[in-house]
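Be aware that the sequence shown starts at 645, since it is given in the numbering used here, and climbs by one per residue.
Where a beta carbon is used, it is the ideal one built from N, C-alpha and C, also for glycine.
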Amino acid sequence: MSEIIKTIKLLKRSYKQPIIFHILHSHLSFIISKDKRFVLYDYYDDWTKLLILSASDLKFSVYNLEKKIINFLVENRNTKYFDELILFKLKIILYYILNTQQKSTNMFILFELMNNYVDTSEETDYYIFSCVSKHVMCNIFGIKLFKFVQKDAINIFLEKCLKNNSNFLLKSRILPAYIDSNIIPVSFIDFNSDDSLLNLKIFESLCLYAKFTANPSNFKEIIPSSPEFIEIFSLFISKEISDQSTEIKEYNFKEYNLNECLLNNNSLIPFLKNLYNKTEDKDKFISDLKGFIDSVLL
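See the structure below:
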């Protein structure tokens with residue numbers, strides 16, 4: 645439990661650093677999953693409980709906690725300046741909603757986020773757009789929900805998104821929400837990028853929309869008409885992007901090796917040294933270690 649508390653304290657100090665926060669949140673999820681003695685109600689602060697639920701696989705909603713979320717969102721909906729505490733709590737709410745099973749998502753919370761908390765920050769918008777898109781996609785894939793946000797409310801929100809000067813990454817997050825609507829989606833006509841990872845996310849979102857939209861003609865309205873875009877997009881959907889870098893003018897793709905994204909763990913050698921110093925039968929320890937290394941090399 646001490647490691648859970650320590651990680652939560654670090655999370656509370658790192659909310660301004662999205663990458664660090666997300667890494668710590670993932671670590672919190674990991675240690676909760678490994679703690680067989682973990683009990684949610686060992687923690688008395690409601691916001692700490694929400695943070696834990698946002699990182700755990702306890703797939704249930706807690707009425708009293710969700711009521712607290714709604715009260716918080718209603719109280720702060722007209723706030724012009726969000727202080728650090730409000731922003732931290734808002735981030736906890738968004739992580740909690742994204743981690744909740746879709747069939748159990750509280751529609752009042754989602755509706756409040758859609759209508760009153762867009763434009764708080766790009767990071768907040770990203771998560772809100774993700775929540776809305778997941779909700780809409782449930783209908784596409786036949787996932788049964790206890791309640792839906794009314795389609796008229798979704799359409800009003802989508803119309804509002806058209807007026808936002810969102811970057812292309814944010815547009816890619818909200819694009820799936822237009823699949824079930826007659827509204828012409830956010831535009832990618834001016835899109836060009838040599839960022840391979842951004843291109844991948846944009847093209848994945850465009851493919852998803854193109855495959856499932858009930859209005860295929862709308863797709864032509866939102867994509868660039870340049871030969872370069874058509875060529876690289878055709879390669880992408882036919883899965884002909886090569887293992888090596890594929891570049892067509894301003895569009896660049898590169899197959900990512902996920903192993904290159906891993907951080908080296910430099911704690912192993914000190915750990916083994918400590919274990920060696922503490923063991924009584926050092927010869928056996930060395931023999932076992934050599935045997936393990938030999939089995940790996942073979």
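Counting every other CB atom within 10 Å of its CB across the protein chains shown gives residue 749 a total of 16 or more, marking it as buried. Using a 10 angstroms sphere on the CB of residue 817, the tally of other CB atoms reaches 16 or more, which defines it as buried. Taking C-beta separations shorter than 7 Å and ignoring five residues to either side along the sequence, the partners of residue 835 in its chain run 812, 846, 868, following chain order. In the DSSP assignment, residue 931 falls within the alpha helix (DSSP H) that extends over 926-941. Burial check for residue 915: the Cβ neighbour count within 10 Å stays below 16, so the residue is exposed.
Residue 777 has its alpha-carbon roughly 16 Å from the corresponding atom of residue 752. Boundaries of the alpha helix (DSSP H) around residue 653: 646-657. In the structure shown, residue 708 falls within a helical segment according to DSSP collapsed to helix, strand and coil. Apart from the 5 residues on each side of it in sequence, residue 784 sits with its Cβ closer than 7 Å to the Cβ of 823, 824, 856 in its chain, given in chain order. Taking the CA atoms as reference points, residue 935 sits about 52 Å from residue 734.
Residue 694 places its beta carbon less than 7 Å from that of residue 740.
It is roughly 14 Å from the alpha-carbon of residue 791 to the alpha-carbon of residue 781. Inter-segment contact for the segment 766-777 and the segment 724-738 is present: three or more beta-carbon pairs are separated by less than 8 Å. In this structure, residue 648 and residue 667 do not form a Cβ contact; the two beta carbons are roughly 16 Å apart against a cut-off of 8 Å.
When 851, 829, 789 are compared, the shortest CA-CA separation from residue 862 is found for 829. DSSP, reduced to helix, strand and coil, places residue 811 outside both helices and strands of the structure shown, so it counts as coil.
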